[in-house]
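Below: one structure, written as C-alpha cells.
Number of protein chains: 2
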Amino acid sequence: MPARGRPRAFDRDAALFCAMRVFWEQGYEGTSMAELTSAMGLNAPSVYAAFGSKAELFKAAVEAYSEHVGAEIWDALSKAETARQGFADFLDQTALAYTRADQPHGCMIALGALHGGADIVPACGMLREKRLENIRLLHERLSQGIEDGDVPEGVDCRQIAEFYATVQHGMSIMARDGGSLEQLRRTAAAAMAAWDGLAGTQS
Amino acid sequence: MPARGRPRAFDRDAALFCAMRVFWEQGYEGTSMAELTSAMGLNAPSVYAAFGSKAELFKAAVEAYSEHVGAEIWDALSKAETARQGFADFLDQTALAYTRADQPHGCMIALGALHGGADIVPACGMLREKRLENIRLLHERLSQGIEDGDVPEGVDCRQIAEFYATVQHGMSIMARDGGSLEQLRRTAAAAMAAWDGLAGTQS
DNA sequence: TCCTTTCTGTAATGATTACTACAGAAGTAC
DNA sequence: GTACTTCTGTAGTAATCATTACAGAAAGGA
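These protein sequence lines map, in sequence, to chains A and B. The first sequence begins at 1 in the working numbering and counts up one residue at a time. The second sequence begins at 204 in the working numbering and counts up one residue at a time.
Listed below in C-alpha cells is the structure:
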C-alpha cells in the first residue's frame, strides 16, 4: 500500500550510515549539522523531517553502529567453545574492527561522547548505557562458562568482565592514536595472559 | 624590578587551574569560552591577553594537569623497588587519582580531545603526544627492571608498556562511567594478573 | 481535476561561538 | 605632572550553530 504524500527522495538507512561515519570519526560535539547534512547529501529540512534533531540523529546512528559495526566482536564471544577462547576471539575481533583502513579507528560507543552527564548530553548517557550493556554481555558469557564447566565456580565474573571491557575501551584510544592491528593484537594477547590468574582451572 | 604597565589583577596559575578543571570535565570541544571565562572569574579580553587563544589556553591547561594532577601515578612507578611493584603501584595510584570525589573522574590526557587530527584539532595532537610519552615512561621502567635484574631479559617491553597504558586509558572511561575506586582497583589487580605471563621470571 | 498530505530547497531565525576594538584604569619612567 | 605601557570591562564583530518558515514539488484520495 503506497503511503500518501511526496515520497522521500533518499534512502534513509544509507543517509543514516553516512551520519554514523561522521559521528564515529568526530564525536557528537565535534560534529556540526553542516557536516552531517553534507555527508548525508541532504538539506537540513530533510534531515530534520526524517530524524527530528541532532540528538535523535545521533541516537539512530548509535543504534546503526551497534547493529552493523562490530557485531562480529560479540559474535566471536558467543560462538567460541570455551569462555577463554571466546574472550580471546572477542579481543582479536576488536583489534580487527578497530583498525580497519576504510573506517574510523576505535569504537564509536567508547569514544563518541565522553563529556557531560546524561541529562546535559543525552548522547553521553546513551553511550554509557551501551558500555554497561557490553559488560553485562561479557559477564553473561562467563556465567555460561561456569555452567559449561570451562570456567571454575567462584571466580569473580564481575571483575573479569569489567577488566576485559576496560581493555577494549583502552584499545579504542590506542587505535585512535594510530596503533596498528599488530599492536592491538599484542595488547589483546597481553590481556589474555591474565586469564589463568583470573579464571584458570589451576591455582 | 616591577614590570611596567598596569599590574594584572588576577592570579594566572589560579585562573589556569580553574580552566583546567573545566577542560578536564567537559573536553576541549565541549567547553566554550563563555564557560571558561566564567570559571576563571575573568572577562574575555583578560583571558585572551594572558593566554592568546582557546587552543593556547588548553595547551597551558594540559601542562598544568601534567605537572599537578596524577604526578603521584608516575612517582609510584619509579619509586618502587621492582618494576612489578612499580606497575602495581602505578595502577593503584591511577585508580585513586581517577576516582577522587572532588575532581573530574578519569584522565584529561586520555579523554580531553579524542577527535580530529593534530592538524585540524591541535589539542588532539598534543594529548596524543602526551599519551605516547607516557608509554615511553612505562617502557623505560621496564628497561630499568631488566637492568636491575627483576625483569628477565628478552621480554617484550613494548608490548607490556602498551598493554598497561591501554588498561590505564580504559580505566579513564570506566571512571567517567561512574566506576568506583573498588572497581578500578579490581581491574588494576586483574591487569597485574597478566604480569607473570608477560614479564615473570618463570616460564 | 482538485484537494490533501508529505517532502524538498531556499532563505532565514535567534542563539552561541571565538575573538577584538576601544576607552578608561593602574601602574612605571622620565 | 605627563607620557608610555599594560590591563580591564563594555560592547561589539563575523561566523557558525541547531533549527525552522515558507513556497513549490510530487505523490495519493475523492
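For each residue, glycine too, the CB sits at the ideal point set by N, CA and C.
{"Asked": "Leaving out five residues on either side along the sequence, give the residues of the same chain with a beta carbon under 7 Å from the beta carbon of E67 (chain A).", "Found": "none"}
{"Asked": "9 Å is my cut-off, CB to CB: does L401 (chain B) come that close to chain A?", "Found": "yes"}
{"Asked": "In the region 277-333 of chain B, which residue ranges form an unbroken alpha helix (DSSP H) of at least 4 residues, counting only runs that do not cross its ends?", "Found": "286-301, 311-314"}
{"Asked": "For Q159 (chain A), would you say it is in contact with chain B, using Cβ-to-Cβ distances shorter than 9 Å as the test?", "Found": "yes"}
{"Asked": "Nearest to G86 (chain A) by CA position, among A:G197, A:P7, A:V151, is which residue?", "Found": "A:V151"}
{"Asked": "Against chain B, with Cβ distances strictly below 9 Å, would Q85 (chain A) count as a contact?", "Found": "no"}
{"Asked": "Report the residue ranges of all beta strand (DSSP E) runs contained in full by the region 8-39 of chain A; include only those spanning at least 3 residues, in chain order.", "Found": "none"}
{"Asked": "Using 8 Å as the threshold, is the region 276-288 of chain B in touch with the region 249-266 of chain B, meaning 3 or more CB pairs across them?", "Found": "no"}
{"Asked": "Grouping DSSP H, G and I as helix and E and B as strand, with all else coil, what is E153 (chain A)?", "Found": "coil"}
{"Asked": "Per DSSP, what kind of secondary structure is S375 (chain B) in: helix, strand or coil?", "Found": "helix"}
{"Asked": "If we count the other Cβ atoms within 10 Å of its Cβ and call it buried at 16 or more, is N246 (chain B) buried or exposed?", "Found": "exposed"}
{"Asked": "At which residues does the alpha helix (DSSP H) containing L184 (chain A) begin and terminate?", "Found": "181-192"}
{"Asked": "Taking C-alpha atoms, which residue in B:M223, B:A252, B:G255 lies nearest to E242 (chain B)?", "Found": "For clarity, residue 242 (chain B) is Ala in the given sequence; the question names Glu instead. The shortest Cα separation from A242 (chain B) among B:M223, B:A252, B:G255 belongs to B:M223."}
{"Asked": "Apart from the five residues just before and just after D134 (chain A), which ones in its own chain have a Cβ nearer than 7 Å to its Cβ?", "Found": "In the sequence as displayed, the identity of residue 134 (chain A) is Asn instead of Asp. Cβ neighbours of N134 (chain A) beyond the five flanking positions: A165."}
{"Asked": "Could you compute how far the alpha carbon of T285 (chain B) sits from the alpha carbon of A189 (chain A)?", "Found": "23 Å"}
{"Asked": "Grab the span of the alpha helix (DSSP H) containing P205 (chain B) for me, first residue to last.", "Found": "Neither: P205 (chain B) is in no alpha helix (DSSP H) and is coded neither H nor E."}
{"Asked": "I'd like the span of the alpha helix (DSSP H) that includes G400 (chain B), first residue to last.", "Found": "398-402"}
{"Asked": "Check each candidate in B:C360, B:E266, B:L341, B:A291 and name the one with the smallest Cα separation from L387 (chain B).", "Found": "B:A291"}
{"Asked": "Cα separation between D92 (chain A) and A212 (chain B)?", "Found": "56 Å"}
{"Asked": "According to DSSP, simplified to helix, strand and coil, what is G70 (chain A)?", "Found": "coil"}
{"Asked": "So is S406 (chain B) in contact with chain A if we call contact Cβ pairs under 9 Å?", "Found": "Legend: pLDDT at S406 (chain B) = 43, less than 50; position of this residue unreliable, no value from coordinates given."}
{"Asked": "Give every residue of the same chain whose Cβ lies closer than 6 Å to the Cβ of T234 (chain B), excluding the five residues on either side of it in the sequence, and list them in chain order.", "Found": "V225, F226"}
{"Asked": "With distances taken from CA atoms, which of A:A64, A:A199, A:L198 is nearest K130 (chain A)?", "Found": "A:A64"}
{"Asked": "Is it the case that the Cβ atoms of T99 (chain A) and S180 (chain A) are separated by a distance below 9 Å?", "Found": "yes"}
{"Asked": "Rounding to the nearest angstrom, what Cα-Cα distance links E356 (chain B) and M374 (chain B) in this structure?", "Found": "29 Å"}
{"Asked": "Quick one: which residues of the region 355-380 of chain B get their C-beta closer than 9 Å to a C-beta of chain A? List them in chain order.", "Found": "D359, R361, Q362, I363, E365, F366, Y367, A368, T369, V370, Q371, H372, G373, M374, S375, I376, M377, R379, D380"}
{"Asked": "When the Cα of G273 (chain B) is compared with those of B:L239, B:D305, B:Y251, B:C310, which residue comes out closest?", "Found": "B:C310"}
{"Asked": "Contact defined as beta carbons within less than 8 Å: I believe G315 (chain B) pairs with L299 (chain B). What is the distance between those atoms, to the nearest angstrom?", "Found": "That belief does not hold up - the Cβ atoms of G315 (chain B) and L299 (chain B) are roughly 20 Å apart, past 8 Å."}
{"Asked": "Output needed in chain order: residues of the region 300-321 of chain B with a Cβ under 7 Å from some Cβ in chain A.", "Found": "A313, L314, L317, H318, G319"}
{"Asked": "Quick one: does Q144 (chain A) have its CB under 9 Å from some CB of chain B?", "Found": "no"}
{"Asked": "Could you check what DSSP says for L341 (chain B) in three-state terms: helix, strand or coil?", "Found": "helix"}
{"Asked": "Within the continuous alpha helix (DSSP H) that includes S46 (chain A), where are the two ends?", "Found": "44-51"}
{"Asked": "So, under 8 Å CB-CB, A397 (chain B) and A101 (chain A) are touching, yes? Tell me the CB distance rounded to an integer number of Å.", "Found": "At roughly 29 Å, the Cβ-Cβ gap does not stay under 8 Å, so A397 (chain B) and A101 (chain A) are not in contact."}
{"Asked": "Answer yes or no: do L16 (chain A) and A61 (chain A) have a C-beta to C-beta separation smaller than 9 Å?", "Found": "yes"}
{"Asked": "Let's test the definition: count the other Cβ atoms within 10 Å of the Cβ of I173 (chain A) and tell me whether it reaches 16, buried, or not, exposed.", "Found": "buried"}
{"Asked": "When we look at the beta-carbon of P205 (chain B) and count the other beta-carbons within 10 Å, is it buried (16 or more) or exposed?", "Found": "exposed"}
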